[in-house]
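Colleague: Quick note, the sequences are listed as chains A and B, same order.
Each residue of the first sequence is one higher than the last, beginning at -7 in the working numbering.
Each residue of the second sequence is one higher than the last, beginning at -7 in the working numbering.
Virtual Cβ for every residue (Gly too), placed ideally from N, Cα, C.
2 protein chains.
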Amino acid sequence: MATGRTHRPATRSRGIPEATVARLPLYLRALTALSERSVPTVSSEELAAAAGVNSAKLRKDFSYLGSYGTRGVGYDVEYLVYQISRELGLTQDWPVVIVGIGNLGAALANYGGFASRGFRIAALIDADPAMTGKMVAGLPLRHTDELESIIEDNGVSIGVIATPAGAAQQVCNRLVEAGVTSILNFAPTVLTVPDGVDVRKVDLSIELQILAFHEQRKAGEEADLAQPDTDAPAAPPAATARTVPAEKRRPEPGSDGDIPAVMPA
Amino acid sequence: MATGRTHRPATRSRGIPEATVARLPLYLRALTALSERSVPTVSSEELAAAAGVNSAKLRKDFSYLGSYGTRGVGYDVEYLVYQISRELGLTQDWPVVIVGIGNLGAALANYGGFASRGFRIAALIDADPAMTGKMVAGLPLRHTDELESIIEDNGVSIGVIATPAGAAQQVCNRLVEAGVTSILNFAPTVLTVPDGVDVRKVDLSIELQILAFHEQRKAGEEADLAQPDTDAPAAPPAATARTVPAEKRRPEPGSDGDIPAVMPA
DNA sequence: ATGCCTTTGTGAACGCGTGCACAAAGACGG
DNA sequence: CCGTCTTTGTGCACGCGTTCACAAAGGCAT
Chain A
-7 MATGRTHRPA
3 TRSRGIPEAT
13 VARLPLYLRA
23 LTALSERSVP
33 TVSSEELAAA
43 AGVNSAKLRK
53 DFSYLGSYGT
63 RGVGYDVEYL
73 VYQISRELGL
83 TQDWPVVIVG
93 IGNLGAALAN
103 YGGFASRGFR
113 IAALIDADPA
123 MTGKMVAGLP
133 LRHTDELESI
143 IEDNGVSIGV
153 IATPAGAAQQ
163 VCNRLVEAGV
173 TSILNFAPTV
183 LTVPDGVDVR
193 KVDLSIELQI
203 LAFHEQRKAG
213 EEADLAQPDT
223 DAPAAPPAAT
233 ARTVPAEKRR
243 PEPGSDGDIP
253 AVMPA
Chain B
-7 MATGRTHRPA
3 TRSRGIPEAT
13 VARLPLYLRA
23 LTALSERSVP
33 TVSSEELAAA
43 AGVNSAKLRK
53 DFSYLGSYGT
63 RGVGYDVEYL
73 VYQISRELGL
83 TQDWPVVIVG
93 IGNLGAALAN
103 YGGFASRGFR
113 IAALIDADPA
123 MTGKMVAGLP
133 LRHTDELESI
143 IEDNGVSIGV
153 IATPAGAAQQ
163 VCNRLVEAGV
173 TSILNFAPTV
183 LTVPDGVDVR
193 KVDLSIELQI
203 LAFHEQRKAG
213 EEADLAQPDT
223 DAPAAPPAAT
233 ARTVPAEKRR
243 PEPGSDGDIP
253 AVMPA
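#1: Tell me whether the beta-carbon of Leu183/A lies closer than 9 Å to the beta-carbon of Gln161/A.
#2: Rounded to a whole number of angstroms, what is the C-alpha to C-alpha distance between Pro228/B and Leu131/A?
#3: Does the stretch 106 to 124 of chain B come close enough to the stretch 59 to 67 of chain B that 3 or more CB-CB pairs lie under 8 Å?
#4: In terms of alpha-carbon separation, which member of Ile93/B, Arg112/B and Leu203/B lies closest to Asn146/B?
#5: Going residue by residue through the stretch 98 to 123 of chain A, where are the continuous alpha helix (DSSP H) segments of at least 4 residues, counting only ones entirely within it?
#6: With a threshold of 8 Å, establish whether the CB of Pro132/A neighbours any heavy atom of the ligand MG.
#7: For a test of the three-state rule: what should DSSP assign to Ile76/A, helix, strand or coil?
#8: Closer than 9 Å by beta-carbon distance: list the chain A residues that pair up with Glu37/B, in chain order.
#9: Of all Cβ atoms in chain B, is any one closer than 9 Å to the Cβ of Thr155/A?
#10: What are the boundary residues of the beta strand (DSSP E) that Lys193/B is part of?
#11: What does Val13/A touch in chain B if you count any residue whose Cβ is under 7 Å from its own?
#12: How would you label Pro186/B, buried or exposed, when you count the other beta carbons within 10 angstroms and need 16 or more for buried?
#13: Counting only runs of 4+ residues fully inside the stretch 122 to 200 of chain B, write out the alpha helix (DSSP H) ranges in chain order.
#14: Can you give me the start and stop residues for the alpha helix (DSSP H) that Val13/B sits inside?
#15: I'd like to know whether the C-beta of Pro17/A is nearer than 9 Å to at least one C-beta of chain B.
#16: Within 9 Å of any Cβ in chain A, is that where the Cβ of Tyr103/B sits?
#17: Does the beta carbon of Gln161/A come closer than 9 Å to any beta carbon on chain B?
#18: By DSSP, does Asp53/B sit in helix, in strand, or in coil?
#19: Once you ignore the five residues that flank Pro180/A on each side, which residues in its own chain have a CB closer than 7 Å to its CB?
#20: Does the separation of the CB atoms of Thr173/B and Ile150/B fall below 9 Å?
#21: Have a look at Val163/B and Thr124/B and give me their C-alpha separation to the nearest angstrom.
#22: How would you list, in chain order, the residues of chain B whose beta-carbon sits under 9 Å from the beta-carbon of Ile150/A?
#23: Which residues does DSSP list as the beta-bridge partners of Ile90/B?
#24: Thinking C-beta only, is Val152/A closer than 9 Å to Gly97/A?
#25: So, are the CB atoms of Ala122/A and Ala101/A less than 9 Å apart?
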């Protein structure tokens, strides 16, 4: 899960729980697929299977939007597509700027999933003057100097940050100052924003680290079958064993193998 | 939040809550930054601020790992970096394959955040024969035919899927069949996997849709100040008003504007 | 050695999210 | 018009996660 809202303790906006909102796009995608196959109606069971969730959860989610189903029949696909789209605000056009057109930024610019859902790339912005004017995904790169004017001229309220970590907060500040109130952050940094601004982050390396944890656990469980509690290989911090704070237990290369790959980010 | 574990109801693996695991990489990053600045110790308050979380939450998170702090002083940075790295399994090398080297796959291959944390790209795999052998990020593209042998030869247990949605499930099946037990999915599809396999998904368009929801809500709240309940513009499904299921309430272009951008994905 | 001051570690309460299980609602056939 | 059968919508209970608040622990100065 590369997600995680910043600020606001999962306030249910207008009665719709945050967790439900996060699933609506999932339902929408499944419904859209059904719509293309001209399927007229779906049961909660079918749709839940397609979206990979529990059917009771799905029904409860929809109940927050209203009573859009028909008992004994199911949900009208087209109608539901429209309702969810409207609820998510996809019936209107959202101009978006992408700041930082490196490998990732360029990939985002070329990503079809954005344009196809009512999101329109208003501009691609990069700080490198040498790149200015270059075409990416059919759009000319604009220089960071123009950031404020681009945002104001196009009424942009959503910004995507794909810069290196070091530049992210500065870019963020400028975006917010210029009027952006929603930010999708791909830079591996914690962004600080004023109240009223939503930040969602997508962190590729964090996702892998979480997978690594579970992967290690799986491997560990197998090992435990033969030798339980091989868990404290070289650092059992028995309260009494570490009274020297400055020299505590250093990584101590050995036993567990090599030193962790500690590097920037 | 481009996140979302599939399967398993947030089981706390080995006593460490899933939510805590998801934050450990965040702490690790903050600690690494401190380590580079040669800061010897941090208080939970400082570190929490750097990681963007509540300090009580951070302390509780660390308490699951053990008692690694010193009261009145704080946490030893180096020591904690090591402990978290070990807990996350970053003290070992994880070979990873990336399948689907389009814009996004190439960006991932070039992303430094992977290699720097103990993740080594074992191979880049693409289905297009014309691409085979081409160099990306210093590695030669391999053809999908080699997928199984690559995984077995390198002992790969983590796979990254960056293919189009249509190919994702097939690729997933082959990965799992070949021995991969953790998958990071960038394709906009729900993957079905057997028990014991972890899937995390990163979905760029879903993140934007969630932001759009909140953005719309913000705009709506302002409007409500002048005219409350401008909420049911064209579809108040009063149970009695819609008895014809097949013809229910069509998007009905008008009133709300245009038809939602319903498209593939 | 003693006392003060800082900071950790955690017990307990609260709230959100999930899933079960069922009653109500409606379609459909006779 | 009535009975049956399907599927929704939801009341309820449970469990995870978050947060508060505080006692215990240790450093440090005197």
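Modeller: Taking the definition as stated:
#1: Counted from its first residue, the first sequence places residue 183/A at position 191. Counted from its first residue, the first sequence places residue 161/A at position 169. Closer than 9 Å, so yes.
#2: Position 236 of the second sequence holds residue 228/B. Position 139 of the first sequence holds residue 131/A. Annotation note: pLDDT 33 at Pro228/B (below 50); position unreliable, coordinate value reported separately. Going by the C-alpha atoms only, they are around 41 Å apart.
#3: no
#4: As a first step, residue 146/B must be located in the second sequence, where it is residue number 154. Comparing Cα positions, the closest option is Arg112/B.
#5: 104 to 107
#6: No copy of the ligand MG appears in this structure; indeed no ligand is present at all.
#7: Here the question's residue 76/A lines up with position 84 in the first sequence. Ile76/A: helix per DSSP, three-state reduction.
#8: In the second sequence, counting from the first residue as 1, residue 37/B sits at position 45. Chain A residues near Glu37/B: none, gap ~15 Å exceeds 9 Å.
#9: Mapped onto the first sequence, residue 155/A falls at position 163. So no, Thr155/A is outside the interface.
#10: Walking along the second sequence from the start, residue 193/B turns up at place 201. Residues Asp190 to Lys193.
#11: What you label residue 13/A is simply residue 21 of the first sequence in a count that begins at 1. What Val13/A touches in chain B: Ile202 and Phe205.
#12: In the second sequence, the residue the question calls residue 186/B occupies position 194. With fewer than 16 Cβ atoms within 10 Å of its Cβ, Pro186/B is classed as exposed.
#13: 139 to 146 and 157 to 170
#14: If you number the second sequence from 1, residue 13/B lands on position 21. Glu10 to Glu28 is the span of the alpha helix (DSSP H), which, as asked, contains Val13/B.
#15: The count along the first sequence starts at 1 and reaches residue 17/A at position 25. Taking Cβ atoms only, chain B reaches closer than 9 Å to Pro17/A, which makes this a yes.
#16: Along the second sequence, read from residue 1 onward, the residue named residue 103/B stands at position 111. Yes - at least one Cβ of chain A is within 9 Å of the one on Tyr103/B.
#17: Locating residue 161/A in the first sequence gives position 169, where the first residue counts as 1. No, because no Cβ of chain B sits closer than 9 Å to the Cβ of Gln161/A.
#18: For the purposes of this step, residue 53/B is identified with residue 61 of the second sequence, where counting begins at 1. DSSP places Asp53/B in helix when its eight states are reduced to three.
#19: If you number the first sequence from 1, residue 180/A lands on position 188. Same-chain partners within the cutoff: Ala157, Asp195, Ser197 and Ala257.
#20: Working through the second sequence from its first residue, we reach residue 173/B at position 181. Working through the second sequence from its first residue, we reach residue 150/B at position 158. The answer is yes: Cβ separation under 9 Å.
#21: Residue numbering aside, residue 163/B sits at position 171 when the second sequence is read from its first letter. Residue numbering aside, residue 124/B sits at position 132 when the second sequence is read from its first letter. For Val163/B and Thr124/B, the distance between alpha carbons rounds to 17 Å.
#22: Taking the first residue of the first sequence as position 1, residue 150/A is located at position 158. Leu200, Leu203, Ala204 and Glu207, listed in chain order.
#23: Residue mapping note: residue 90/B aligns to position 98 of the second sequence, counting from 1. According to DSSP, Ile90/B bridges with Leu116/B and Val152/B.
#24: Counting from 1 along the first sequence, the entry for residue 97/A is found at position 105. Counting from 1 along the first sequence, the entry for residue 152/A is found at position 160. Yes, Cβ-Cβ distance for Gly97/A and Val152/A is below 9 Å.
#25: In the first sequence, the residue the question calls residue 122/A occupies position 130. In the first sequence, the residue the question calls residue 101/A occupies position 109. No, these two residues do not count as a Cβ contact at 9 Å.
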